[in-house]
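Enquirer: The structure under discussion is supplied below as structure tokens; questions concerning it will follow.
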Amino acid sequence: MSQPPLIDTSLVVEVKQLIQSAKQRAVVAVNAELTLLYWQVGKRIADEVLKGERAEYGKQVIDHLAQNLTLAFGKGWNKKQLHHCLRFAEIFPDPEIVSALRRQLSWTHFKCLIYLDDSLKREFYMAMALQERWSTRTLAERIDKQLFERTALSRKPEETIIHELAMLHEQGFVNENLILKDPYLLNFLDLNDSYLEKDLEDAILRELQQFLLELGSGFSFVARQYRMQIDNDDFYIDLLFYNRKLKRLVAIDLKVGNFKAEYKGQMELYLRWLAKYEQEAGENPPLGIILCTGKKQEQIELLELDDTGIHVAEYLTELPPKAVLEQRLHQAMLNARRRLDNRQIE
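Following this line, the structure appears as structure tokens:
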């Protein structure tokens, strides 16, 4: 009996890759067509509903259409799905925008986005999902954890938010406003009620992957207790990171307790040393993050920390109820924008 011929294993690998690539392209193509179909269905329903003079008419249209489509095509066309389609067409009225996005975002992505009540918030999550290639699960998690409300960007004037989101969408440009947060959610550290700064640092290093995810895009770990020698005195940065998107070193100082004015001088020393001895050609100046359990807002304002490359933020080791966190973040946004308005008046 003759032996089967020897086949180059690279041939098998290459053919498998061709098949997988073709399958992936087919999935993307099908998703793009379905997304466009859902928009077209929603647009047609919207046009029909506008003909009616009573709110009840819209409900009748959807009920009648859902019954007929379900009989013809199955449960995928129930009333809930038609409401999704209608909402989709209302939130994204421009067919050219839908056509451009449908090959980059799935229908499930769109369903997460269309029910966000704020247009700026929606633009933020859409731009980040595109730039970072978030899965639908990641997008849903970021929304649930109120990422936008916790970014420095959300505390800026509306014109600034629109401009920076446009820069992100059109050029992929990321600055610190998109990455820095307040507060940071560190509930995954499982710390006891009473802990020291060393306990906090140890817990972060044990859960470094989770901490990197909470820090945001582009961070990589460099060192803990990074030693600097100045005039024969030793100083130590608790945690040192590098962010490839910002192209800068990021020094993190961990504090248990409220912010104190003296922390500014300490961090300024760290940043100037890093700029002198560690910053490489083409990199931006180092950035400092002081993580505290509480902030003293007037002290932070008087110290003008925003102009020094130092970001002060709270961290939460236990999450409050979602409604409480929402209210807290909303109030923080209002306060920040009010302070900006007052500065412009002055």
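Residue numbers (this note's numbering): 1 to 346.
Think of the CB as a built atom: it goes at the ideal place given N, C-alpha and C, for glycine as much as any other residue.
All values derive from a computational prediction rather than experimental measurement.
In whole angstroms, give me the CA-to-CA distance for L329 and K16.
Expert: Using only the alpha carbons, I get a separation of about 49 Å.
Enquirer: Which residue from H83, C292, E262 and H84 puts its Cα closest to that of Y184?
Expert: The candidate whose alpha carbon is nearest that of Y184 is C292.
Enquirer: Using 10 angstroms around the beta-carbon of P157, count the other beta-carbons present and answer buried if the total reaches 16, otherwise exposed.
Expert: Classification for P157: exposed.
Enquirer: Under 8 Å Cβ to Cβ from E170, same chain only, skipping five residues before and after it: list those, please.
Expert: Counting only Cβ-Cβ distances below 8 Å, and skipping sequence neighbours, we find nothing.
Enquirer: Going by Cα to Cα distance, which pick from D231, Q299 and L18 is closest to F259?
Expert: It is Q299.
Enquirer: Need the endpoints of the alpha helix (DSSP H) that L178 sits in, please.
Expert: Note, L178: alpha helix (DSSP H), E176 to I179.
Enquirer: L200 to I252, Cα distance in whole Å?
Expert: Distance between the alpha carbons of L200 and I252: 12 Å.
Enquirer: Contact between the segment 142 to 153 and the segment 88 to 104 is defined here as three or more beta-carbon pairs at a separation below 8 Å; is this criterion met?
Expert: Too few Cβ pairs lie closer than 8 Å, so no.
Enquirer: Under the assumption that T308 contacts E268 (Cβ atoms under 8 Å), give the Cβ distance between them as a whole number of angstroms.
Expert: So it is a contact: roughly 6 Å between Cβ atoms.
Enquirer: Helix, strand or coil for V30 per DSSP?
Expert: Helix.
Enquirer: My output table needs one value for V312: the three-state DSSP class, helix, strand or coil.
Expert: Strand at V312.
Enquirer: Can you list, in chain order, the residues of its chain with a C-beta nearer than 6 Å to that of Q20? Leave out the 5 residues immediately preceding and following it.
Expert: So no residue of the chain qualifies.
Enquirer: May I ask you to report which of helix, strand or coil DSSP gives Q229?
Expert: Three-state result, Q229: strand.
Enquirer: Taking the DSSP output, what are the residues bridged to Y184?
Expert: DSSP, once it has assigned bridges, lists Y315 as partnering Y184.
Enquirer: Nearest-angstrom Cα distance between E280 and L240?
Expert: C-alpha separation (whole angstroms): 15 Å.
Enquirer: With distances taken between CB atoms, is the gap from L105 to L113 smaller than 9 Å?
Expert: It is a contact, given that the beta carbons lie within the stated cut-off.
Enquirer: Measuring CB to CB, does E164 end up less than 9 Å from L178?
Expert: The answer is yes: Cβ separation under 9 Å.
Enquirer: For S99, which residues from the same chain have a beta carbon less than 8 Å from its beta carbon, with the 5 sequence-adjacent residues on both sides left out?
Expert: Same-chain partners within the cutoff: L36.
Enquirer: Taking the continuous beta strand (DSSP E) assigned at D253, which residues delimit it?
Expert: Where D253 is concerned, the enclosing beta strand (DSSP E) stretches over R248 to L254.
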